[in-house]
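These notes concern the structure reproduced below.
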Amino acid sequence: MALSGHKTVEVWPRAFLVALLALSATLLPTFVKARQTSGEDAGFVSFALPPNGEVFVENMRGGVQVEVGTGEQVALAASVSSMKASVSSMKQTARRKLPVTVETADGSLKIRVERATVAVAAPRVDLKLRIPASARLKIYTSDGEIEVKGIPASLDAQTLSGDLRLALPLPLDASLTAQSLNGSVALGEGIEAEGAGERVLRGKFQTRLGAGSRSVNLFSGRGRISLETLAGRTEPVETGRSVNSSRDVEAGRAGGARPSRAKEALDESSATTNARTKPQPRETPQEVDEDEVVRVESDLVTLNISVVDRASGRGLVGLTAEDFRVQEDNVEQHIEHFESAEAPFDLLLLLDLSGSTARVTETIRAAARRFVAVTRPQDRVAIITFAGDASLVSPLTSDRAALRERIDRLAPPKGDTRLHDSLAYALDYLSRDADPARRRALILMSDGLDSTLPNVTGVGSTTSYEEVRSRVQEFDGIVYTVWTNTEFYEAFSPLDIQPETYDLAHDRMEELSGAGGGAFYEVEKIEDLAGAYERVVADLGTVYSLTYRPTNKRRDGNWRAIHIRLPRRPDAVARGRRGYYAK
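Counted the way our numbering counts, the sequence shown spans residues 292 to 874.
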């Protein structure tokens, strides 16, 4: 088996079996009864599973492939990725015990790949399973791909940042929920209705297919979820017999990556037969709006942490996951996923060009050009301007020449100042159009004077400050604010904007950056704006991303305080998200 293009080394069946039995014996007094397979299924080890038993799979070091069929056995194989490996080295690996544990408890089978340790350069481990259709299956991975062919009695699959593919057998029969927080859900032909074409959506997709007797819940934090029909295969295959053709099996043994797709299995005869099949009645699919997505149902928390030197304030680079310690309500958490400071960003520059800044439009334009010039080549940039309404000047792109051209044509929008509405619009844009594989950051430049504030003329935002602040706090990214001082004159009349209003606008801009885990920059003179942008870009180059699964599983709506420490770096200060509401 091969996933994601890794070169694989096939585990010797006898050595693999010995390792599994030895490991399981150290876990529970009830040993796992395993049977070594032969012939076409060589390399698999079979385990008995009672009817309606649960199969729990956790692999934080690779991917998981599953084939659903008939029978009562669970067949398991593992492949270990390595730069080079010989027969003797694999025997030595088996003697050291493979990092796979198998245990039984209360009619369930639990398969875990041991987490990598700091001391050992751990190889990638991919799992392949064949399970009965009567099983209840739960799968968890970190960045490993999950692929399931067929539907068991129930399926719960969750990955932090990997892709997830499900091929559903015909006739369709499932109560299905698929959610990707920052990725997409791709619906293949025939998923929504008989003869329906393909489409891609964001957020959460929910429907009942046929009788809906089998429960399917799919989640990916950043990856893509793909739903297809297992075309031409209306009957389940026998457990222990590969869904792939013999050619695919040989390709897998040779270490080649051939992730199967339902469309590749469709030949002309099956297509003709399916076309004549009487359409099955289905419930109308329900596409759930983004506002209805329960963001915490995934049990995942992502933190974007900027690390600076305590004395100089300069960003620190080259840190690893082992440098960080995460506490939630004073309880230590295990870091599931880590991205270094070099990982790419999708950046959105949100510019206030309302009446209070209209006289310095050229200076703002020059500063925006400077921002584009100092961003890293791997980062994409988008620009939105606002006054009464928000206007997309440039979508996310890595084409610096196109960005400069659009900035040169930048014109002040018309209307009053609707800061809150425009910030909400920008957050929606990033959540919808940003690349799931990239981190995201929003940089807001404004004096903070929404027309809802006292003595600020015009019609202000319909979104309240409290609402947009909550949106910023829940945003899966970083929000930086650059406050520009537009208090150029004294208030000689009670109708003029009072100093207290300017102070409130300043404080709210600072509060927004704190809620968004970013930094706050003050610009007293608009001519200094370009320098502030340079500091923002430099700060982004020191941002690390951490993901953990909270030990406290309660969804009580209470605030969970987050504290980041770097015990190995006493000279460092971590800056980022301070907590979240467990809704």
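Using N, Cα and C, we set each Cβ at its ideal position, and we do this for glycine too.
Fully enclosed beta strand (DSSP E) runs of no fewer than 3 residues occupy 592-600, 616-619, 622-624, 626-630 and 636-643 of the region 584-644, in order along the chain. In the three-state reduction of the DSSP assignment, D417 falls in the strand class. Boundaries of the alpha helix (DSSP H) around E757: Y756 to E765. Non-local C-beta neighbours of V507 in its own chain, meaning closer than 6 Å and more than five positions away in sequence, comprise L446, A465 and L467, ordered along the chain. Remark: fewer than three beta-carbon pairs, one from each stretch, lie closer than 8 Å, so the region 694-701 and the region 731-743 are not flagged as touching. Between L367 and L428, the CB-CB gap reaches or exceeds 8 Å. Residue pairing by DSSP places K401 opposite F347 and E394 in a beta bridge. Residues of the same chain with a CB within less than 6 Å of the CB of Q764, apart from the 5 flanking positions on each side, are A806 in chain order. Out of G474, A469, G494 and N473, the CA that lies nearest to the CA of I482 is found in A469. Assignment of S804 by DSSP, reduced to helix, strand and coil, places it in the helix class.
Annotated as proximal: G867 and S597, with beta-carbon spacing under 8 Å.
Under DSSP, S475 takes part in a beta bridge, and its partners are R493. Bridge partners of A366 according to DSSP: S337 and R421. When only Cα atoms are considered, K495 and D719 end up about 15 Å apart.
In the three-state reduction of the DSSP assignment, T361 falls in the strand class, which pools E and B. Excluding sequence positions up to five before and after R656, its CB lies within less than 7 Å of the CB of I698 and L701, all in the same chain and listed in chain order.
Under the Cβ criterion (8 Å, minimum of three pairs), the region 819-828 does not count as touching the region 852-871. In the structure shown, the three-state DSSP call for P686 is strand. Within the model, the alpha-carbon separation for E489 versus A477 is close to 7 Å. Under the 10 Å beta carbon count, P414 is surrounded by 16 or more other beta carbons and is classified as buried.
The alpha-carbon of F615 is positioned some 25 Å away from that of L472. In the structure shown, R846 adopts coil according to DSSP, grouped into three states. Relative to E345, the option among S337, A396 and G360 whose CA is nearest is A396. As computed with DSSP, A465 is found in a beta bridge with L500.
Of Y756, Y824 and G362, the smallest CA-CA separation from L803 is found for Y756. If the five residues before and after R406 are omitted, its C-beta is found closer than 6 Å to the C-beta atoms of M351, all from its own chain and listed in chain order.
Distances from the alpha-carbon of L518 to those of I437, L591, K874 and K816 put I437 closest. For G870, the beta-bridge partners assigned by DSSP are A852.
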